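Input: a single structure, listed below in C-alpha cells.
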Amino acid sequence: MGNVVARFLGCRPSFLDEEEQPTTKDEASKRSRRKQKYAYIPDNYTSIEQVTDALRDAGLESSNLILGIDFTGSNEWTGKRSFHDLSLHNISNHRLNPYQQAISIIGKVLASFDEDDLIPCFGFGDSTTKDQGVFSFRSDHSPCHGFDEVLRCYREIVPHLKLSGPTSFAPIVETAVDIAESSGGQYHVLVIIADGQVSRDPNKEPETIESIVRASAYPLSIVLVGVGDGPWDDMRKFDDRIPARDFDNFQFVNFTDIMGSNATAAEKEAAFALAALMEIPIQYKATVELGIVGRETGKPKRRVPLPPPLPPS
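Going by UniProt numbering, the final residue of the sequence shown carries number 313, and the count climbs one at a time with no gaps.
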C-alpha cells in the first residue's frame with residue numbers, strides 16, 4: 001500500500017505562491033514560522049494505523065465529524081469521464097455514485113474517531129440554498145446517527161432537489177464554525193465532498209477564503225474531497241492563496257485520482273483515508289498549543305440551516 005499512498009501524497013504544495021507573498025518582512029517571518037510549526041507534515045506514514053497512532057499521540061481521543069455535500073449544477077456534467085457521462089448524483093440500485101462511495105469510505109475509517117456517532121450533515125448549492133446557505137439532511141436539523149443514516153438521508157433527498165449554484169464553500173464552513181463554537185470548543189473535522197472548485201467570481205472566492213481564515217480561530221480542520229472530472233489545478237493551489245491563519249486548517253484530497261489508480265479496492269480505500277487524515281494530527285496539535293480547543297468566543301451564530309428540500313409528509 002505504501003506505493004499507492006506515495007504516488008498521491010509524494011508532492012506537497014509550496015508554502016506560498018509567488019503572487020501571494022506577504023507584504024512586509026515581519027508578516028513573512030510570522031507566516032513562515034506558523035507554517036513550519038503547524039502546517040507541514042512529512043509523508044512518512046505508510047498505513048492508516050500509523051496515522052491513527054499519530055492522532056492518539058497528539059492527544060486526540062475523539063473528534064466530531066461534520067459533512068457537507070455539493071449540489072451545484074456542474075455535478076450534471078463533471079462525471080463525463082469519471083462516471084460514465086452520468087450526473088455525479090445519479091442514484092442506482094446497482095452501483096454507488098462517487099458521493100456515496102466517498103461517504104461510505106469516510107464512514108469506514110473516520111467514524112472511529114467520532115465516539116457519539118452523531119454526524120451533522122448539510123447540503124449546499126441547490127436551488128434553495130445556491131451560494132447563500134445550507135440545508136440540513138434532517139427536517140428537525142438533528143445530526144444523522146451513523147453513516148448508514150447519512151446514506152439513507154442522501155438517497156431520500158437527491159430525487160427532490162434541483163442542482164443550482166454557483167459554488168461557494170463559505171456557507172458550509174461558517175455552519176461548521178457555528179457547530180464548533182456551540183460545542184464549547186470541541187475539536188471538529190469538516191469533510192466537504194464537492195465536484196469542483198470555487199466559482200472564480202470577484203466575490204465568491206474571497207468569501208470562501210475569508211471563511212477559512214476566520215475558521216482558523218476555531219478547533220476545526222477542513223478536508224475538501226474532490227469527486228468527478230475536476231479541473232482540480234486551482235484547488236491544489238488554493239491552500240497557498242489563503243492568507244495568514246492561526247494554523248493551516250485546510251487540505252484538498254483528489255478522490256477521483258486515488259480511486260482511479262491501478263490498485264486493489266482495499267488499497268485505494270486505504271490510500272484515500274490516509275490522504276484525508278494525514279495532516280489532522282499536526283492540525284489538532286496546533287489547536288491545542290494555540291489554546292483554541294475548549295475556547296468559547298461567545299459570538300452569535302452566522303448561519304441558520306434550511307430544512308431539506310423534501311415534499312411535505
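Every residue gets a Cβ at the ideal spot worked out from N, C-alpha and C, and that includes glycine. Computed from a predicted structure; not experimentally measured.
Are the beta-carbon atoms belonging to residue i and residue j less than 8 Å from one another?
i           : j    : result
K268        : M259 : yes
residue 315 : F83  : Residue 315 is absent from the model: the chain starts at 1 and stops at 313.
V189        : Y218 : no
M235        : G228 : no
E115        : R302 : no
Q186        : V223 : no
D195        : S74  : yes
I157        : P309 : yes
D246        : I292 : yes
residue 314 : L55  : Absent from the model: residue 314. The displayed extent of the chain is 1 to 313, so no value can be given.
D57         : F124 : no
How far does the alpha helix (DSSP H) with residue i in it reach, from first residue to last?
i    : result
Q283 : 280–289
S199 : Note, S199: premise wrong, no alpha helix (DSSP H); not H, not E.
L274 : 265–277
L224 : Looking at the DSSP string, L224 is not in any alpha helix (DSSP H); the run it does join, the beta strand (DSSP E), is 220–226.
F147 : 146–157
Q101 : 98–109
V177 : 170–182
F238 : 233–241
I292 : Careful: I292 lies outside any alpha helix (DSSP H) and carries neither H nor E.
P206 : 204–215
Report the CB separation of residue i from residue j in whole angstroms; it is logged as a contact under 8 Å.
i    : j    : result
T78  : S164 : Their Cβ separation, rounded to whole angstroms, is 15 Å, which puts T78 and S164 out of contact at 8 Å.
P311 : F135 : Not quite, the Cβ-Cβ distance comes to about 14 Å (not below 8 Å), so this is no contact.
S63  : F113 : 5 Å
L67  : V191 : 5 Å
N254 : W232 : 6 Å
L65  : L110 : 6 Å
Y154 : Q101 : Not really, about 12 Å apart at Cβ, beyond 8 Å.
I105 : F272 : 6 Å
D117 : H145 : 6 Å
Residue i: buried (16+ other C-beta within 10 angstroms of its C-beta) or exposed?
i    : result
K285 : buried
R138 : buried
E19  : Residue confidence is low: E19 scores 36 on pLDDT, short of 50, so the model does not pin down where it sits. No coordinate-derived value is stated.
H89  : buried
E181 : buried
A170 : buried
Q197 : buried
I41  : In this prediction, I41 has a pLDDT of 47, which is less than 50 and means its spatial position is unreliable; what the coordinates show is noted afterwards. Buried.
G294 : exposed
P143 : buried
A265 : exposed
S199 : buried
I172 : buried
S216 : buried
P211 : Pro is not the amino acid found at residue 211; the sequence shown has Ser there. That one is buried.
Need the endpoints of the beta strand (DSSP E) that residue i sits in, please.
i    : result
I69  : 64–70
R253 : According to the sequence displayed, residue 253 carries Val and not Arg. Counting along the chain, the beta strand (DSSP E) containing V253 begins and ends at 250–254.
G298 : Looking at the DSSP string, G298 is not in any beta strand (DSSP E), and its letter there is neither H nor E.
F247 : It is not in any beta strand (DSSP E) - F247 carries neither H nor E in the DSSP assignment.
F122 : 121–124
- Stretch pair the region 90–100 + the region 199–211: three plus CB contacts closer than 8 Å: Contact between the region 90–100 and the region 199–211 is absent, with fewer than three C-beta pairs closer than 8 Å.
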